[in-house]
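Right, one structure below, let's go through it.
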Amino acid sequence: MKDAIEAQYIHGYGFEERDRLIRQAYYWKDSLILKDLALEKNKKLLEIGCGVGAVLGILGKHYPDLSLAGIDLESYQINSARDYLEELGLYKVDLRQGNINNLPWDDHQFDYVYGIWILEHINDPLPCLKEVYRVLKPGGKIILTETDLKTLLVYPDTPELNYLNQGLWDLFVKNGNPYIGRRLGQILEEVGFQNVENKGLGFNFWNQELRLFVDYLNEWLPPTIPQMVEQLGLDKNTLEAGLNYWQNVPSLPSSVASAVVYRAQGWK
């Protein structure tokens with residue numbers, strides 16, 4: 285999702301990205317999307333940056349009594365979300381095209397606002413989170429899941445892999461905030477949320493789980509290389525050498541990877 289602050293969604297749009305987002309949602313379904321949610325029946329939930337509806341689909345099937353809504357800046361995403369959710373039998377989702385810095389709902393409309401992998405694409409999260417606070421009912425809850433790319437560690441590594449990683453971090457900095465996860469608690473309190481928590485969820489991958497993790501990242505990592513060359517002036521050959529190494533990490537003896545994902549929540 286793009287944003288009025290002129291951040292660019294580096295993954296692009298289209299049928300391939302739609303399918304990738306759906307696969308991504310199912311990859312993280314149990315370990316992140318549904319983890320420790322315990323949402324109450326007959327409540328209203330808004331997803332900010334809903335994209336093609338991949339996460340809303342999981343939430344809607346797992347919590348059939350929820351009233352769901354979603355917003356995304358791109359009309360293509362909203363149309364894709366509507367088609368996908370109808371395929372799942374979810375016909376009553378309130379989907380709207382709009383800017384998350386100016387949510388098209390009145391005050392005090394939602395019991396929950398949910399966001400995952402959205403603030404990483406935004407330069408300044410405060411306007412969005414202030415809007416979230418506005419549309420939440422008193423006692424309503426925000427739930428955010430975000431990355432911190434610098435927590436991704438690989439063993440063994442190489443200079444080419446480190447070059448690729450640094451380029452990826454710099455590309456995200458140019459088009460958003462790849463380190464937003466570690467800051468979520470402080471930002472939510474600044475907006476006015478109460479009883480704020482921000483927990484780092486650690487993941488460690490080896491053997492088959494490492495292969496699956498590499499395959500997951502490999503779905504969106506290669507298309508970023510031309511962007512790193514064009515936007516950052518990096519060396520294509522070195523980037524491709526780093527990518528080739530990353531793709532073959534699971535076949536190396538004793539190879540492992542680890543990462544931390546942050547889950548934050550707060551109440552109005």
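Numbering-wise (this note's numbering), the sequence shown opens with residue 285 and increments by one. The beta-carbon is built from N, C-alpha and C at its ideal position, and this holds for glycine as well. The structure presented is a predicted model; accordingly, all values stated were derived computationally and were not measured.
Problem set entry | Identified DSSP bridge partners for L445 | Paired residues: none, contrary to the question.
Problem set entry | Straight-line gap, L372 to L518 (C-alpha atoms, nearest Å) | 43 Å
For this session: With distances taken Cα to Cα, identify the nearest neighbour of L410 among V545, E301 and E473.
Result: E473
Exercise. What do you reckon, is the C-beta of L437 under 7 Å from a heavy atom of the ligand ADP?
Worked result: The ligand ADP is absent from the structure shown, which contains no ligands of any kind.
For this session: Kindly indicate which three-state DSSP category L323 falls into: helix, strand or coil?
Result: coil
Problem set entry | Where the alpha helix (DSSP H) through S556 begins and ends | Residue 556 is absent from the model: the chain starts at 285 and stops at 552.
Exercise. Are the beta-carbon atoms belonging to V377 and L340 less than 8 Å from one another?
Worked result: yes
Problem set entry | Closest by C-alpha distance to D303, when choosing among A322, G335 and D320 | G335
For this session: Indicate whether M512 and G460 have their beta-carbon atoms separated by less than 8 Å.
Result: no
Exercise. Roughly how many whole angstroms lie between the Cα atoms of G382 and T442?
Worked result: 43 Å
Problem set entry | Beta-carbon spacing of L387, E358 below 8 Å | no
Exercise. Along the chain, which unbroken stretches of the alpha helix (DSSP H) at least 4 residues long are found entirely within the segment 493-541?
Worked result: 508-516 and 520-532
For this session: May I ask you to report which of helix, strand or coil DSSP gives I426?
Result: strand
Exercise. How big is the Cα-Cα spacing for N521 and W530?
Worked result: 14 Å
Problem set entry | Within 8 Å, strictly: CB atoms of L485 and V544 | yes
For this session: From the DSSP output, read off the bridge partner residues of G484.
Result: Y546
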